[in-house]
Amino acid sequence: MRLNAPKQIVWIIALILGVLGILGMLTDIPVVTEYHVWFIIIGWLLLIIATVAKGF
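Taken in order, the sequence shown gives residues 1 to 56; the numbers are from this note's numbering.
Next comes the structure, spelled out in structure tokens:
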């Protein structure tokens, strides 16, 4: 299996989701605190899909 580097915009979106997930875990942000685990999971999945799929 050949892995590809994700595009910069996908990487930035995944980074933002991860940071929001961590902040939601540490502080009380109304919407983010309830779903902080999902923010982190979606960020990781986005990076995995972008690495495996070509041109994403």
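Note that CB positions come from ideal geometry on N, CA and C, so glycine has one too.
Rounded to whole angstroms, what is the Cα-Cα separation between residue i and residue j?
i: Ala53; j: Met1; result: 10 Å
i: Tyr35; j: Gly21; result: 8 Å
i: Ile41; j: Trp11; result: 14 Å
Output needed for residue i: all residues of its chain with C-beta closer than 6 Å, excluding positions within five of it in sequence on either side, in chain order.
i: Leu46; result: Ala14
i: Phe3; result: With the sequence shown as reference, residue 3 is identified as Leu, and Phe is not the correct amino acid for it. Closer than 6 Å at Cβ, skipping near neighbours: Thr51.
i: Gly43; result: Ala14, Leu17, Gly18
Looking at residue i: is its Cβ nearer than 8 Å to the Cβ of residue j?
i: Leu26; j: Val32; result: no
i: Phe56; j: Ile49; result: yes
Could you please give the first and the last residue of the uninterrupted alpha helix (DSSP H) stretch that includes residue i?
i: Thr51; result: 36 to 52
i: Ala83; result: The first residue shown for the chain is 1 and the last is 56, placing residue 83 beyond what the model contains.
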